[in-house]
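Step one of this worksheet: look at the structure below.
Chains as they are written, first to last, in this note's numbering: chain L, 40 to 154; chain S, 4 to 114.
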């Protein structure tokens, strides 16, 4: 089955850019997502990208997809203390690409912000 | 907008007890899911329901049963709780494109 890998921790200074990386194994993954989880809360969808795209930008967030290397990254510009959270990479490939059979998640990257 | 609502938020059980985790969504979504989240393990899919009237096993279904009561509600039952089922349980729903909306979670401890 699909495997999604992420590094467990990333520490950045406030105001710098954060880059969180993710690799996946299934080349038929059609949709890739980034979710954010704050302490004690559920998962919040940050952004997503379709497999026919290379890049997607949404305000401070930039997602880059390298299909050849099966590598996905999330860049957060001007990182703030409110960005401190766990970030999950996830992929889906089922049912019309709609992921009706569920998402495969990485273990999550803890983003730590230094003042 | 309630979105996805899970009850209860916290629960402590003794080994062998049973309980049902409730989930309801008000977004008219077809598909619903139950995940568990364990430290260092990310989220793993327990069961899902692609549409009303259907349910399917996910990655870690052993020890659980589910019921898709209607389009809105999808419950998860632990018939005989074990300490290995101590976890945070999340319900999610989607209308498509894999964009899943999550509830706030149920924190379960089995002693």
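Beta carbons: idealized from backbone N, C-alpha and C, even for Gly.
Rounded straight-line distance, which links the Cα of residue j to that of residue i
i: residue 67/L; j: residue 21/S; result: 39 Å
i: residue 55/L; j: residue 45/L; result: 20 Å
i: residue 26/S; j: residue 91/S; result: 14 Å
i: residue 57/S; j: residue 12/S; result: 26 Å
i: residue 43/S; j: residue 145/L; result: 10 Å
i: residue 73/S; j: residue 34/S; result: 11 Å
i: residue 127/L; j: residue 5/S; result: 23 Å
i: residue 114/L; j: residue 65/L; result: 23 Å
i: residue 50/S; j: residue 114/S; result: 24 Å
i: residue 91/L; j: residue 153/L; result: 36 Å
i: residue 93/S; j: residue 81/L; result: 7 Å
i: residue 58/L; j: residue 67/S; result: 37 Å
i: residue 8/S; j: residue 112/S; result: 20 Å
i: residue 24/S; j: residue 112/L; result: 35 Å
i: residue 99/L; j: residue 78/L; result: 22 Å
i: residue 43/L; j: residue 143/L; result: 7 Å
i: residue 137/L; j: residue 96/L; result: Because residue 137/L carries a pLDDT of 43, less than 50, the predicted location of this residue cannot be relied on, and the following value inherits that uncertainty. Cα-Cα distance, rounded: 22 Å.
i: residue 115/S; j: residue 87/S; result: Since the first and last residues shown for chain S are 4 and 114, residue 115/S lies out of range.
i: residue 41/L; j: residue 38/S; result: 16 Å
i: residue 47/L; j: residue 62/L; result: 13 Å
i: residue 105/L; j: residue 118/L; result: 23 Å
i: residue 89/L; j: residue 107/L; result: 14 Å
i: residue 107/S; j: residue 45/S; result: 16 Å
i: residue 97/S; j: residue 32/S; result: 5 Å
i: residue 60/S; j: residue 78/S; result: 14 Å
8 Å contact criterion, which residue i and residue j should meet: CB distance rounded
i: residue 71/S; j: residue 55/S; result: 6 Å
i: residue 47/S; j: residue 69/S; result: With a Cβ gap of about 15 Å, residue 47/S and residue 69/S do not count as contacting.
i: residue 120/L; j: residue 49/L; result: Actually they do not touch by this definition, with Cβ atoms about 15 Å apart.
i: residue 95/S; j: residue 18/S; result: So it is not a contact: roughly 28 Å between Cβ atoms.
i: residue 151/L; j: residue 76/L; result: That pair is no contact at about 14 Å.
i: residue 70/L; j: residue 131/L; result: 5 Å
Among the options, nearest to residue i - alpha-carbon criterion
i: residue 109/S; options: 18/S, 34/S, 40/S, 5/S; result: 40/S
i: residue 29/S; options: 76/S, 36/S, 37/S, 10/S; result: 76/S
i: residue 129/L; options: 87/L, 101/L, 154/L; result: 87/L
i: residue 116/L; options: 107/L, 125/L, 102/L, 110/L; result: 102/L
i: residue 109/L; options: 79/L, 53/L, 51/L, 60/L; result: 60/L
i: residue 72/L; options: 51/L, 84/L, 63/L; result: 84/L
i: residue 141/L; options: 15/S, 87/S, 53/S, 65/S; result: 53/S
i: residue 103/S; options: 63/L, 47/L, 74/L, 94/L; result: 74/L
i: residue 82/S; options: 65/S, 97/S, 98/S; result: 65/S
Interfacial residues, the stretch 77-97 of chain L to chain S, with Cβ spacing under 9 Å: Of all residues in the stretch 77-97 of chain L, 79, 80, 81, 82, 83, 84, 87, 89 have a Cβ within less than 9 Å of some Cβ in chain S.
Members of the stretch 64-89 of chain S that neighbour chain L once the beta carbon cut-off is set at 8 Å: Listed by position, the residues of the stretch 64-89 of chain S near chain L (Cβ gap below 8 Å) amount to none.
Residues of the stretch 46-77 of chain L whose Cβ lies closer than 7 Å to any Cβ of chain S, in chain order: Within the stretch 46-77 of chain L, the qualifying residues are 70, 72.
Contact list for the stretch 107-132 of chain L against chain S, Cβ threshold 7 Å: Of all residues in the stretch 107-132 of chain L, 127, 131 have a Cβ within less than 7 Å of some Cβ in chain S.
Residues from the stretch 38-55 of chain S in contact with chain L, defined by Cβ distance under 7 Å: If the cut-off is 7 Å between Cβ atoms, the stretch 38-55 of chain S has 43, 44, 45, 46, 48, 51, 53 near chain L.
Residues, ordered as in the chain, of the stretch 141-154 of chain L that lie near chain S by beta-carbon distance below 7 Å: With the criterion set as a beta carbon lying under 7 Å from some beta carbon of chain S, the members of the stretch 141-154 of chain L are 141, 142, 144, 145, 146, 147, in sequence order.
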